[in-house]
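Here is the structure we will look at.
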Amino acid sequence: MTLALTLNALGLYGIAAVLAGAFAAQIILGELPCPLCMLQRIQFALLAVGPMLNLRHGARPSHYALSLLAACAGAAFATRQVLLHILPGDAGYGSALFGYHYYTWALVGFCLAIVLIATMMVFDRHFRDEPPAPGAFASVAVWLVIGLVVLNVVSTLLMCGFGACADDPVAYEMLKRR
Amino acid sequence: MEFTALFLAIAVTMIAAWRGSRPLALTLFGLTLAASVATYLHHATDALKLSF
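Chains as they are written, first to last, in our numbering: chain A, 1 to 178; chain B, 1001 to 1052.
Structure, rendered in structure tokens:
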């Protein structure tokens, strides 16, 4: 596997770490994600589609463009949530990690993703590479991300049921005793 | 419910990107991104309960 595709696989491991971290906070701390939080998770997951296409079909500018679109949308969503809690005295939503709330870290993460993707696109020689057969390192990264997205399908179904999700969820709707 | 559908759509998009055809993955990505932006706009137009 070339260096560029190895970096794409590493990017997938990074996205998996973000999704797993958010999921761990939900399970261990019992902090259920709000609608805006879930939209940011969704954009992190969409960010992974570009590297997956690069690893399977070879690196192309259009694949990086998909990830850039997802990162821009995610940055916009995270910015809105930061601005919702920017007034002095506002405690913010959920707990803080190293002094910043998760949505602030999400904004940092999306901006970092935009910079890293743009940097990858500067080195355009790798767009001429033939797509190699993906090895175990790439396959594990892909299935790890897909598995975490499926876990989120189950989690949101348990949390919201078949209706609209609560603005400030405190319990799993489908696990409540009738 | 809309978030369950969005996560499910992403899982299908990823499987299409990894195992299926590239045009199908690109189409599904576009639809999912548009749906997530529409969901955001729906929530962003909710009245905020401000108290000042």
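C-beta atoms are modelled at their ideal positions from N, C-alpha and C, and glycine is treated no differently.
Counterpart residues of residue i in DSSP-defined beta bridges
| i | result |
| --- | --- |
| alanine 96 of chain A | A:His101 |
Min CB distance residue i to chain B below 8 angstroms
| i | result |
| --- | --- |
| threonine 156 of chain A | yes |
| isoleucine 42 of chain A | yes |
| leucine 68 of chain A | no |
| proline 169 of chain A | no |
Other residues of its chain near residue i: CB distance less than 6 angstroms, five sequence neighbours each side excluded
| i | result |
| --- | --- |
| methionine 121 of chain A | Tyr64 |
| leucine 46 of chain A | Ala70 |
| proline 131 of chain A | His57 and Gly58 |
Beta-carbon neighbours of residue i, restricted to chain A and to distances below 7 angstroms
| i | result |
| --- | --- |
| leucine 1033 of chain B | Leu46, Leu69, Ala70 and Ala73 |
| alanine 1017 of chain B | Val49, Met52, Leu53 and Arg56 |
Any non-hydrogen atom of the ligand ADP closer than 7 angstroms to residue i Cβ
| i | result |
| --- | --- |
| lysine 176 of chain A | Among the components of this structure there are no ligands whatsoever, and the ligand ADP is therefore not found. |
C-beta neighbour in chain A for residue i, strict 8 angstroms
| i | result |
| --- | --- |
| leucine 1024 of chain B | no |
| threonine 1027 of chain B | no |
Proximal chain B residues relative to residue i, where beta-carbon distance stays under 7 angstroms
| i | result |
| --- | --- |
| cysteine 186 of chain A | Outside the displayed span of chain A (1 to 178) sits residue 186 of chain A, for which this structure offers no information. |
| valine 153 of chain A | Thr1004, Phe1007, Leu1008 and Ala1011 |
Neighbourhood of residue i by C-beta distance below 7 angstroms, restricted to the same chain and skipping five residues each side
| i | result |
| --- | --- |
| valine 1012 of chain B | Leu1028 |
Contact set for residue i: own chain, Cβ-Cβ below 8 angstroms, skip 5 residues either direction
| i | result |
| --- | --- |
| phenylalanine 23 of chain A | Leu148, Leu151, Asn152 and Ser155 |
Contact set between residue i and chain B, taken where Cβ atoms lie within less than 9 angstroms
| i | result |
| --- | --- |
| alanine 164 of chain A | Met1001 and Glu1002 |
Exposed unless 16 or more other CB atoms sit within 10 angstroms - verdict on residue i
| i | result |
| --- | --- |
| leucine 1041 of chain B | exposed |
| valine 145 of chain A | buried |
| glycine 74 of chain A | buried |
Chain-ordered chain A contacts of residue i [CB-CB under 8 angstroms]
| i | result |
| --- | --- |
| threonine 1045 of chain B | Ordered by position in chain A, no residue passes the 8 angstroms Cβ test against threonine 1045 of chain B, which lies about 12 angstroms from the chain. |
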